[in-house]
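One structure is given here, and the rest of the page talks about it.
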Amino acid sequence: MKHTMIVMMGGQGAGKGSVANIMKTEHEYKHIESGALFRALPADSEIAQIMARGELVPDSELFKLMESEIDPNADIILDGFPRTLPQAQWLVEKYADQFDIHVLYLDLSEELMLFRINKRIREGGGRSDDADHAAVRRRLDTFWKVTVPAIEWLKTAPGIKFSDIDASQDLDGNMAQIHAVL
Numbered sequence: 005m006k007h008t009m010i011v012m013m014g015g016q017g018a019g020k021g022s023v024a025n026i027m028k029t030e031h032e033y034k035h036i037e038s039g040a041l042f043r044a045l046p047a048d049s050e051i052a053q054i055m056a057r058g059e060l061v062p063d064s065e066l067f068k069l070m071e072s073e074i075d076p077n078a079d080i081i082l083d084g085f086p087r088t089l090p091q092a093q094w095l096v097e098k099y100a101d102q103f104d105i106h107v108l109y110l111d112l113s114e115e116l117m118l119f120r121i122n123k124r125i126r127e128g129g130g131r132s133d134d135a136d137h138a139a140v141r142r143r144l145d146t147f148w149k150v151t152v153p154a155i156e157w158l159k160t161a162p163g164i165k166f167s168d169i170d171a172s173q174d175l176d177g178n179m180a181q182i183h184a185v186l
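Sequential numbering of the sequence shown, starting at 5, is according to our numbering.
Okay, here's the thing in structure tokens:
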């Protein structure tokens with residue numbers, strides 16, 4: 005029997021991390037958050053500098069990281085990966101035979117993404133680069149130009165379950181939708 009791989013996708017502030025944290029307490033998922041793994045690196049590392057500019061980490065580095073973290077004998081939640089079409093294609097090609105993959109797309113307008121990012125800043129949370137308006141703008145532009153095509157491809161990828169979640173609701177509303185589709 006295959007294990008489950010939940011792939012959390014959505015723009016900044018959509019609630020991917022919050023949903024993943026609830027899901028991993030409800031079920032023993034291994035939570036792999038690529039951004040957190042990279043942010044744990046020293047600030048002077050090449051990857052940390054790339055992220056600080058709001059740019060994407062090269063696929064070769066991400067693939068190595070994902071391979072080292074993904075355990076085919078565990079149920080997994082991926083948060084922050086894939087973000088590009090080649091990454092999505094790599095994930096499906098590499099792991100669709102080993103896992104039942106279910107993509108949860110937390111769909112949220114840019115207006116609400118910005119509202120939630122600003123709320124995280126006001127409440128003292130979030131990422132260190134959330135306060136850098138230019139970096140936030142680059143992350144949002146990258147999401148629309150680079151990640152949305154990956155999301156669109158995953159909607160019709162063979163063997164992949166895909167659910168579109170209206171993330172404009174509160175966390176309880178989001179979780180109710182997710183429980184309904186899982």
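Note that the Cβ used here is the ideal one computed from N, Cα and C, for glycine as well. This one's a predicted model, so the numbers in the text were calculated from it and none came from an experiment.
For residue 136, the nearest candidate out of 148, 152 and 118 (CA to CA)
118
So if DSSP puts residue 106 in a beta bridge, which residue, or which two residues, is it bridged to?
10 and 165
For residue 61 and residue 70, believed in contact at Cβ under 8 Å, the rounded distance
Contact flag wrong, Cβ pair sits at about 11 Å.
Nearest residue (CA-CA) to residue 140, options 24, 125 and 152
125
Which residues in the same chain have their Cβ closer than 6 Å to the Cβ of residue 105, if we skip the five residues on either side of it in sequence?
9 and 164
Let's test the definition: count the other Cβ atoms within 10 Å of the Cβ of residue 27 and tell me whether it reaches 16, buried, or not, exposed.
buried
Which residue wins for smallest C-alpha separation from residue 169, given the options 92, 11 and 7?
11
Which partner residues does residue 183 have in the DSSP bridge list?
Bridge partners of residue 183: none, in fact.
Residues sharing a beta bridge with residue 34, DSSP:
80
Residues in the same chain with beta-carbon distance under 8 Å from residue 113, minus the five sequence neighbours each way, listed in chain order, please.
172
Neighbourhood of residue 182 by C-beta, 7 Å cutoff - its chain only, sequence neighbours within 5 removed
23, 108 and 169
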